[in-house]
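Residue numbers (mature numbering (1 follows the signal peptide of the UniProt record, and there is no 0)): -20 to -1, 1 to 166.
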């Protein structure tokens, strides 16, 4: 009888450990931020990457520029207060800010190129609005965008511009430029 009880206990412990085996697990983290604004910013727009491609140094020499690449800022769930038939906060201006390029403080500077060459400051990124008008880094805001209730797409472009230097003064290598954008409703 003792052998049967012992065998049953051992069998029970083995089957319990078989049920407790980890056959996969994971974690889901939800992050966000609550802001005081008439529109929400799409999660896809908050932290995005715009691929500018592999750009020939010859195209950037003598103040040249690469082809522009479009990017958007998506606003969603827009609701505007209405007071006596007048809507408020249904226009938005955006300011882009970041480190300036060495040769032109209106352009976004880049990092990642060989700093030993001392040529990093000879290239910068120009951001433009929907009409192709340049947007200066941190100094000016974009024109006011008229918004509608619901979702809105704000379109911009960016391209690389070189300084007015010879091709051998344009740095080579991978680069990155980071700008922050700030919305101001009116």
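We put the CB at the ideal spot given by N, CA and C, even for glycine. Keep in mind the model is a prediction, meaning the values are calculated, not measured.
Distances from the alpha-carbon of residue 136 to those of 76, 33, 70, 38 put 76 closest. The C-alpha of residue 54 is placed about 23 angstroms away from the C-alpha of residue 62.
In the displayed model, residue 6 falls within coil according to three-state DSSP, outside both helix and strand.
Within the model, the alpha-carbon separation for residue 21 versus residue 2 is close to 39 angstroms. Going by C-alpha positions, residue 102 is about 6 angstroms away from residue 82.
For residue 110, same chain residues with a beta-carbon under 6 angstroms away, outside a window of 5 residues either side, are 135 in chain order. Secondary structure note for residue 134: its beta strand (DSSP E) is the uninterrupted segment 130 to 142. Cβ atoms of residue 127 and residue 70 come within 8 angstroms of each other, at about 5 angstroms. When DSSP reads this structure, residue 76 sits in a beta bridge with 161. Our two residues, residue 39 and residue 118, have alpha carbons roughly 27 angstroms apart in a direct line. Secondary structure of residue 107 (DSSP, three-state): strand.
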